[in-house]
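>
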């Protein structure tokens, strides 16, 4: 019995090493383009625009260039300020609306909570491209193009269904009795949410907010169609570093690294929770 | 007595109505906002689609009925775009699901530095699509400075201009690179939710690793795979950024989102016709959504409120 | 402190036809410990939750201390509830858990702390006040849940199977403590359980429910000695009363071959005869039977005896004080010592 067991363990140890090695090779391959991008950002243009080389004299000049010089109309500072403001406000609006909505779909559900949840998710199936024309026309008429307000509204609408979906999963993990106990203890809806529910689902709310931030920060289509002149965001700034004349690879790499850094770091920090929020609750 | 009972019944009914509204109230801001911002544009699109409306050269908007739609049937560019959309979506969803599942299975067992390996693996999902497209185009696919071609040349092959030779394929590679980590994380959540005692029981019963995977793990993963497919499809069917930065809509890579853009504010300025395209896309999406929602309702099935 | 009245209170869950609680009439006196007992699905928890305001009342009314609370939300009913899984707020310390309701009512911080300390003292929780619920044992959590209720000094305590998550030994001990605490505080208490032993040992009165309908409400002893119907007779008492169906048209009442003394006061037809195990005895006379199972408890034993009754096989459970040495498959005689209960064909008790 014990020899048999150790045989099983021995076998699984050998395969663990092999499969672990495979996982590491896959990880390095998958990560390589990002590694390469970061590396190129520290090169001189002449080194970047040549046959790929690993050994070079690192310089931070490209970073100075992309953050201080303005290619075309859009500067680093302007783009990052716009992005920060738009992403922060839209994510906040999403949470303000999604938290009570999730309460209504899970803790004290309305009669047709499934239908409403379906409606929210079904809006994600409607292609944004089919809405861009009316949005463009309405936006132009009411001065919402080339303004931060327009993108705030659209990013809020873009992320709201996903946030409602995720938060509902987290909320439905709160034991019903806890909310009932709070009710009996004299707490109204707001008291129940702030004192009992939110502290329990705080990690889930953080994960949801993060996913909203990622999607809003990375969004390019609406930004470039509606805000190409003013209120332009980081993705537009990155693409503005693609130049038709001269070499730009190193500069583009530096700009790309700066543009992706905030979201990548946030995503690394919250990877486990993020996926729990997406996957759990939907499946129980 | 009967009057009192009737009064009481009225009171109870009033209380029930009030409660129903109390339950709905927290939902209303999100619901109304979503309806206004997402539904109004589609209604407008529908109206535009029945008109002839060109901006360049400027012409007044005139109602022409279903002409835009009849023209669309014979429009070979639209058919090509529809085909490209289906091809790119199906290929990228399936490949990222397949590779993501494989990676999840690798990551499910403990090995040295597992946390770091997972961190490296999820990073592509966090990368801005514009950046992903540009990095792959200029630093991987590029025929003179690209890493892929450098490898080919080192191995003694001729270099290939990947993007112009396989425009759709190049885009799919980048899409899979970005979405494979997402699928991996969802499947990983499913794997880690497995009851280890079931696996142990199967092992005690003498099942091989292969049959354990096929008969226990895979059926348990099914809802997670469905969820991954659903969410992946929602996003991948709408891909625009990658097309814009990698091929700029080059031959064989113009999907419907990009096509609608080209025909309208992307230079075509034929708003009526572009709107008709949009409406067709919406209808197609509703069909796909219905299939997707059926998957969803299976996921929600049996879950008490 | 207050009395509680259910007056024709009815709850029909949305989307269902059958009432979960059907026209419940129940008066609970000030300071009384009333236990609602019944099998699962009997509506006992629903009845409690109606009193709490967590379930709507679709007909009739509920009042606390003479005040009609049918339409009052739970926040305004001045009640405290102990849940089966305790429902402690995981993010708050024990002290914060106990003080939460006081805080909601806007009571000053010092006053709150004083009352929490007092309650903690009563329940022996003082050294745990700064802990989070997850760092407590099951028994301690149960006491915190109790503490959260008593700190409020509510009009009524509601308890929904508060002991069912404790292990058997702790449950028995806590049962006594809880009954003693209730007697000391003198707060009207409504207590739900599916465990008839708990109901009998704790309740001043016990209300038995089945399928949403009140079967009987009485003091434990009366419930035991004069069950109002066949269901109560079978539900109360462990082991259960022997209930043997009889054919009404079969002449004089008999159990097996033994005649039954006593006859219906009115001429109602008898459908079932009930006799408790302690009212049967193994001896040298009585109904012939064969021993199938012996449950030995030390001080006594319950002996299952297969008999023939009206041409079919029945089993009687007999309490045996342990003087006789009986083996499985022994042939024995069962004598009827005490009173038999008679129930009509409709299951209702027939007075003798």
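Residue numbers (the numbering used here), protein chains in the order written: chain A, 1 to 284; chain B, 1001 to 1305; chain C, 2001 to 2352. Don't be surprised by glycine CBs; every beta carbon is placed ideally from N, CA and C.
1) Figure out for me which residue from C:2155, C:2151 and C:2144 has the closest Cα to the Cα of residue 2163 (chain C).
2) Does the beta-carbon distance from residue 192 (chain A) to residue 206 (chain A) come in below 8 Å?
3) Flag residue 2200 (chain C) as yes when its Cβ comes closer than 7 Å to any non-hydrogen atom of the ligand GDP, and as no otherwise.
4) What does residue 2071 (chain C) reach in chain B if we use C-beta pairs closer than 7 Å?
5) Spatial neighbours of residue 2077 (chain C) within its chain, please: C-beta separation below 6 Å, excluding the five flanking residues on both sides.
6) Taking only beta carbons into account, state which residues of the stretch 2042-2060 of chain C come closer than 8 Å to chain B, listed in chain order.
7) Within this structure, are the beta carbons of residue 2128 (chain C) and residue 2082 (chain C) separated by less than 8 Å?
8) In or out: residue 281 (chain A) buried (at least 16 other Cβ within 10 Å) or exposed?
9) I'd like the span of the alpha helix (DSSP H) that includes residue 2268 (chain C), first residue to last.
10) My parser needs the alpha helix (DSSP H) runs of 4 or more residues fully inside the stretch 1170-1250 of chain B; what are they?
11) Which residue wins for smallest C-alpha separation from residue 14 (chain A), given the options B:1194, B:1111 and B:1149?
12) Assuming residue 2314 (chain C) and residue 2229 (chain C) are in contact, meaning their beta carbons sit under 8 Å apart, how far apart are those beta carbons, in whole angstroms?
13) Measure the alpha-carbon distance for residue 2254 (chain C) versus residue 2233 (chain C) and round it to whole angstroms.
14) Near residue 1082 (chain B), which residues of its chain fall below 7 Å by C-beta distance, leaving aside the five closest residues on each side in sequence?
15) Here's a check: name, in chain order, each residue in its chain whose Cβ is nearer than 6 Å to the Cβ of residue 2213 (chain C), leaving out the five neighbours to either side.
16) With distance defined between alpha-carbon atoms, name the residue in B:1287, B:1166, B:1276 and B:1017 nearest to residue 1088 (chain B).
17) Strictly below 8 Å CB to CB, what residues from chain A border residue 2098 (chain C)?
18) For the stretch 154-175 of chain A, which residues have a CB atom closer than 8 Å to at least one CB atom of chain B, in sequence order?
19) Sort C:2133, C:2106, C:2096 and C:2132 by Cα distance to residue 2117 (chain C) and report the nearest one.
20) Below 6 Å CB to CB, which residues in the same chain sit around residue 1250 (chain B) once its five sequence neighbours on both sides are set aside?
21) Taking all protein chains shown into account, decide if residue 2173 (chain C) is buried (16 or more other Cβ within 10 angstroms of its Cβ) or exposed.
22) Taking the alpha-carbon positions, what's the residue 2041 (chain C) to residue 2026 (chain C) distance?
23) With a cut-off of 8 Å, do at least 3 Cβ pairs link the stretch 1112-1120 of chain B to the stretch 1193-1203 of chain B?
24) If the criterion is Cβ atoms closer than 8 Å, does the pair residue 2006 (chain C) and residue 2024 (chain C) meet it?
25) Return no unless some Cβ of chain A is closer than 8 Å to the Cβ of residue 1253 (chain B).
26) Can you pull the chain A neighbours of residue 1166 (chain B), defined as C-beta to C-beta under 9 Å?
27) In whole angstroms, what is the alpha-carbon distance linking residue 105 (chain A) and residue 2178 (chain C)?
28) Excluding the five sequence neighbours on either side, which residues of its own chain have a C-beta within less than 7 Å of the C-beta of residue 1130 (chain B), listed in chain order?
29) If you measure between the beta carbons of residue 1100 (chain B) and residue 1183 (chain B), is that distance less than 8 Å?
30) With a cut-off of 8 Å, does the C-beta of residue 2135 (chain C) fall near any C-beta of chain A?
31) Who are the Cβ neighbours of residue 178 (chain A) in its own chain at under 6 Å, not counting the five residues just before and after it?
32) In the stretch 1248-1286 of chain B, which residue ranges form an unbroken beta strand (DSSP E) of at least 3 residues, counting only runs that do not cross its ends?
33) If we ignore side chains and look at the alpha-carbon of each, how far apart do residue 2045 (chain C) and residue 2036 (chain C) end up?
34) Quick check: the Cα distance between residue 59 (chain A) and residue 1239 (chain B), rounded to an integer number of angstroms?
35) Kindly identify the DSSP beta-bridge partner or partners of residue 2254 (chain C).
36) Return yes when the Cβ of residue 2133 (chain C) is within less than 8 Å of the Cβ of residue 2090 (chain C), no when it is not.
Quick answer:
1) Comparing Cα-Cα distances from residue 2163 (chain C) to each of C:2155, C:2151 and C:2144, the minimum goes to C:2144.
2) Not in contact: residue 192 (chain A) and residue 206 (chain A) (Cβ atoms no closer than 8 Å).
3) Absent from the structure shown: the ligand GDP. Ligands present: none.
4) Correct list: 1011 and 1015.
5) 2053 and 2069.
6) Against chain B - using a Cβ distance shorter than 8 Å - the residues of the stretch 2042-2060 of chain C are 2056, 2057, 2058 and 2059.
7) Between residue 2128 (chain C) and residue 2082 (chain C), the CB-CB gap reaches or exceeds 8 Å.
8) Only weak support is given to the placement of residue 281 (chain A): the predicted model assigns it a pLDDT of 47, under 50, and the question is left unresolved by the model.
9) Note, residue 2268 (chain C): premise wrong, no alpha helix (DSSP H); not H, not E.
10) You should have 1196-1204, 1209-1212, 1218-1236 and 1241-1246.
11) Check the Cα spacing between residue 14 (chain A) and each of B:1194, B:1111 and B:1149: the tightest is with B:1111.
12) Incorrect: roughly 20 Å between the Cβ atoms, too far for contact.
13) Roughly 19 Å separates the two Cα atoms.
14) Cβ within range, chain order: 1256.
15) Same-chain partners within the cutoff: 2022.
16) The shortest Cα separation from residue 1088 (chain B) among B:1287, B:1166, B:1276 and B:1017 belongs to B:1166.
17) The contacting residues do not exist; residue 2098 (chain C) stays about 10 Å from chain A at best.
18) Listed in sequence order: 154, 156, 157, 160, 161, 164 and 172.
19) If we check each option's Cα against that of residue 2117 (chain C), C:2096 comes out closest.
20) Result list for residue 1250 (chain B): 1167, in chain order.
21) Residue 2173 (chain C) is exposed by the Cβ-count criterion.
22) As the crow flies, the alpha-carbon of residue 2041 (chain C) is around 19 Å from that of residue 2026 (chain C).
23) Not touching, per the Cβ criterion.
24) For residue 2006 (chain C) and residue 2024 (chain C), yes; Cβs fall inside 8 Å.
25) Output row for residue 1253 (chain B): interface = no.
26) The contacting residues do not exist; residue 1166 (chain B) stays about 18 Å from chain A at best.
27) In a straight line, the C-alpha of residue 105 (chain A) is about 38 Å away from that of residue 2178 (chain C).
28) Closer than 7 Å at the Cβ level, and outside the excluded window around residue 1130 (chain B), lie 1241 and 1245.
29) Yes, the Cβ-Cβ distance between residue 1100 (chain B) and residue 1183 (chain B) is below 8 Å.
30) Not one beta carbon of chain A lies nearer than 8 Å to the beta carbon of residue 2135 (chain C).
31) So the list reads 196, once near-sequence residues are dropped.
32) Positions of the beta strand (DSSP E) runs, each at least 3 residues long and wholly inside the stretch 1248-1286 of chain B, cannot be given because no such run exists.
33) Using only the alpha carbons, I get a separation of about 8 Å.
34) Whole-angstrom Cα-Cα distance: 35 Å.
35) Answer is C:2259.
36) Yes, the Cβ-Cβ distance between residue 2090 (chain C) and residue 2133 (chain C) is below 8 Å.
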